[in-house]
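In what follows, a single structure is set out as structure tokens and then discussed.
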Amino acid sequence: MKLLSFKKGIHPKEFKYFTCNKQTEVLSIPDEVCIPLQQHIGAPCNPIVEKGDEVKTGQIIGRSESFVSSPVHSTVTGKIKTIDSYLHPAGTKTQMIKIQRTGDDDWQLLDVPKNWQLASTDELKSIVNEAGIVGLGGAAFPTHIKLAPPEEKKIDSFILNGCECEPFLTSDHRAMLEMTDEVLDGMAIIMKVLGVKKGYIGIENNKPDAISQITRKIQKSDYNFTVIPLKVKYPQGAEKMLIEAVLKRKVPTGGLPMDVGVVVNNVGTAIAVANAVIDGKPLVERIVTVSGDGVTEPKNLMTRIGTSFQKLIDECGGLKEETTTVYMGGPMMGISQWDLSVPVVKATSGIVCRTDKSTNGTSYPCIQCGTCVSACPMFLLPTKLARYSEHKLLEEANKTGILNCVECGSCAFVCPSNIPLVQWIRIGKLKVGEMVRSKN
Amino acid sequence: MEEKVIKNDVKVKPKKNPKDKLFKLDRQPLIISSSPHLNTTDSVPKIMWTVIIALLPAVVLSIYYFGLPALWMMSTCVISAGLAECLMNKLKGEEFTIPDGSAVITGLLLAMTLPPSFTLTSAIIGTVFAIVIGKHIFGGLGFNIFNPALLGRAFLQACFPVAITTWTFPKTDVYLSKIVDGVTAATPLGLFKFEGETSDLFNMFWGNIGGSLGETSAISIIIGGGFLLIKKYADWRIPVSYLGTVFLFGAIMWWINPKYPDPTFHLLSGGLMLGAFFMATDMVTSPITPKGAWIFGIGAGILLVVIRLFGGLPEGVMYSILLMNAVTPLINRYTRPKFFGEGSK
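First to last, the protein sequences are chains A and B.
Letter by letter, the first sequence follows residues 169 to 608 of the working numbering.
Letter by letter, the second sequence follows residues 339 to 683 of the working numbering.
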């Protein structure tokens, strides 16, 4: 059978072998956690606790009045130590709440209905909101907003994203294998909220064990989901690419998946939804893949949010002497870290440690080879956009579609001249965005 | 060496400024860079040297057919291209760019377009022109508008019109009876244009004909060019559309008036194969968009047949490609691919 996929894209080395066959281990609860008040796209939360307060595991410690936001919870039972700004893995200093653990978990659970299948849509939506669930694939967009599309957008399909196309990362892969029931329940809950009948699970074909396990479980259950094995290609897990691959629909330029009647959620998000709605557990932990040749013993770790990177890396035997780079997320879109005291946030799918000098090779001038053009999944001309950005030709860049870039990094990956294409385009996108906003 | 420097640096730093908390001081600092953190193994030098390897079959066959003069010609051009490149690097105050291989390609390709009897001094002049005017005046690798080798050849054609169209027959030729002096002869295209004679397609395919070093043997070019296409270091659309257009357009003209040569003759004669696989596909001077590549190839194909049939010259590969080079920036501008989702509702 010919596997489905999108057009263009790239084939980086997968590097999944470090951790793909390793059972997820539960990381011991740290003595101190540091919870950033912003772990999502949207308005940051305001602290609703004060220094010295006692908090329970799962208690809300920060929330915001604005619609596009998501509350944050304490992930241990303990005492608020400080509320101050600390380094966030995204690279800037943000407000965080430091909590000193005082004892074993004393859970504060959400009020949940006995049987979610009988619960109302609004009730389920508010549970998802109260549980602080955001997209766990990396973008961290608040899930309750995705679950509440405007009336005029008719949603007819739901796609669960199990692609995990980033090299090294295996947290979704392990989740699908070890928490299959939660994945399916979470998906069913989301589909009930959205009121859609057609559910698809897109999984890249390099996870045959996950594909067969999920297919088996679906057959045993009364769910009617379709598992779609996809070609192994980066960025298969990007929303727009996934929708094209599975449903052959193209999200319009500047549009959202709901414009073509689709909602996409990550596997991890589905698990979080199931945990919240069925067990009443807010989002306080997630699977983090600690991988790469720079760490002694790569592992998948079930980790409390707010645990420092250092603790995870120590659990994996520590960094090797020759390690040069550590980044949060996969190598294609991950963010470099220089201080390992930063906490795990909701969007931390992995911590990858490498020993190579990464992309700092010799740069050559652009030879117009067009490789970036044939790699760009958004059908842009990266070499032109990067040049426009470099020379501050913002009008031209806007006309050439710079705002459509999804920043997947395929162009910079394939460039034989080692030109920082996506990096220039990112800068250009910021500036063009400012320009467009100031015009309106 | 580099690592040592980093480590020493770290050991010194805490003493200088113990309050500096930026780095974890018990180990070397982590390197920060913007994603992606992965890169392909492809690089400009790798592409360029692969092109040179792909040219080797043609090099070997031309030495086989034309003997040592071919070897002297090619080494002269390559060496003078390298020297000219170094000179320009020196003048512009930049690092030496010989290792990227592009100058070697220019020299080799230029040699391929010259007749084996061409004088070496003139060849040197052409090569230096190709490197200095063809490439470095525009800003060096990646910035030139015209294919440097073809520009060098065009310059030589303007300076030495007689010498550049004086052809030697291969040593291995079996048709010596056809020509009077047995040393010089016309190319199949020249024979056709000026004498109305066709040549044997079999010999044209294997290269046993008069012509420039690299243009005589179609098979060696196809082998090397196919290798490039498989490696994806040349856009397959360009040779396909270029050769396809020449064949189709040539066939139409032949059908209209059978005194014109048949399309197979068009394909195998002159430098068309060399041009289609190695010159037109030059990354720097061909379009970056897929649609642009088709337009480039079709345009060059039409120009070629028009020049061959109606122009004053027997051969049109050089000018057809150079003219299309000139409009490549325009083609790029007007063939932007549709954005993902553009126009979908």
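C-beta: ideal position from N, C-alpha, C; glycine also.
Bear in mind the structure is a predicted one, so any value in this text is a computation, not a measurement.
When DSSP states are grouped into helix, strand and coil, proline 599 of chain B belongs to the coil group. Residue pairing for phenylalanine 326 of chain A: DSSP places it in a beta bridge opposite A:Gly367, A:Val431. Shown here, lysine 247 of chain A sits in a strand according to DSSP, grouped into three states. When CB distances to chain A are screened at a threshold of 7 Å, the residues of the segment 653 to 683 of chain B falling below it are Arg674, Pro675, Lys676, Phe677, Phe678, Gly679, Glu680, Ser682, Lys683, in chain order. With a beta-carbon spacing of about 3 Å, serine 579 of chain B and glycine 635 of chain B fall inside the 8 Å limit used to define contacts.
Within the same chain, Pro204, Gln207, Pro257, Ile473 come within 7 Å of valine 513 of chain A by CB-CB distance, once the 5 residues on both sides are set aside.
Only those residues of the segment 556 to 572 of chain A whose C-beta falls short of 8 Å from the nearest C-beta of chain B are listed: Thr568, Gly569, Asn572.
Of all residues in the segment 487 to 513 of chain A, the ones placed with a Cβ closer than 9 Å to any Cβ belonging to chain B are Leu487, Glu489, Glu490, Thr491, Thr492, Thr493, Val494, Tyr495, Gly497, Gly498, Pro499, Met500, Met501, Gly502, Ile503, Ser504, Gln505, Trp506, Asp507, Leu508, Ser509, in chain order.
Think of a sphere of 9 Å around the beta carbon of methionine 546 of chain A: the chain B residues whose beta carbon falls inside it are Phe677, Phe678, Gly679, in chain order. The beta carbons of aspartate 324 of chain A and glycine 423 of chain A sit no closer together than 8 Å. Fully contained in the segment 388 to 469 of chain A are the following beta strand (DSSP E) runs of length 3 or more, in chain order: 394 to 398, 430 to 434, 453 to 459.
For asparagine 392 of chain A, the closest alpha carbon among the candidates A:Ser237, A:Phe326, A:Lys266, A:Asn443 is that of A:Phe326. Nearest CB-CB separation between valine 622 of chain B and chain A: below the 8 Å threshold. Closest in C-alpha terms to glutamate 291 of chain A, from the list A:Cys573, A:Leu415, A:Ala316, comes A:Ala316. With distances taken between CA atoms, cysteine 484 of chain A lies nearest to A:Leu195 out of A:Lys181, A:Cys188, A:Leu195. Within the segment 475 to 489 of chain B, contact with chain A at the beta-carbon level (separation under 9 Å) is assigned to Gly477, Gly478, Leu479, Gly480, Phe481.
Looking at the backbone, the Cα of methionine 662 of chain B and that of isoleucine 633 of chain B are separated by about 9 Å. At a Cβ-Cβ threshold of 8 Å, proline 212 of chain A and isoleucine 265 of chain A do not count as neighbours. Chain B has a Cβ within less than 8 Å of the Cβ of isoleucine 535 of chain A. Secondary structure at lysine 181 of chain A: coil, using DSSP grouped into helix, strand and coil.
Judged by DSSP secondary structure, glutamine 478 of chain A falls within the alpha helix (DSSP H) whose first and last residues are 477 to 483. For arginine 522 of chain A, the three-state secondary structure derived from DSSP is strand. By the Cβ rule, the segment 487 to 496 of chain A counts as touching the segment 517 to 524 of chain A, because three or more pairs are nearer than 8 Å. Remark: three or more beta-carbon pairs, one from each stretch, lie closer than 8 Å, so the segment 600 to 616 of chain B and the segment 651 to 660 of chain B are flagged as touching. Sorting A:Lys552, A:Glu563, A:Gly305 by C-alpha distance to the C-alpha of valine 432 of chain A places A:Gly305 at the top. Between the alpha carbons of isoleucine 481 of chain A and leucine 487 of chain A lies a gap of roughly 7 Å.
If you look at lysine 266 of chain A, you'll find it in the beta strand (DSSP E) that goes 261 to 269. Contact annotation, methionine 500 of chain A with serine 373 of chain B: C-beta distance approximately 6 Å; criterion of less than 8 Å satisfied. Taking C-beta atoms under 8 Å as the contact rule, leucine 551 of chain B and alanine 408 of chain B qualify, at a distance of about 5 Å. Within the model, the alpha-carbon separation for glutamate 200 of chain A versus tyrosine 254 of chain A is close to 14 Å. For the alpha helix (DSSP H) assignment, the uninterrupted runs of no fewer than 4 residues enclosed by the segment 286 to 370 of chain A are, from N- to C-terminal side, 289 to 298, 311 to 314, 339 to 346, 348 to 362. Considering only A:Lys224, A:Lys560, A:Ile295, the residue with the shortest C-alpha distance to alanine 444 of chain A is A:Ile295.
According to the DSSP assignment, glycine 230 of chain A belongs to the beta strand (DSSP E) that extends over 228 to 231. If you compare the alpha carbons of A:Asp340, A:Cys544, A:Gln387 with that of isoleucine 570 of chain A, the shortest gap goes to A:Cys544.
Using a CB distance cut-off of 8 Å, threonine 627 of chain B counts as an interface residue toward chain A.
Take the alpha-carbon of glutamate 407 of chain A and the one of lysine 170 of chain A: they are about 21 Å apart.
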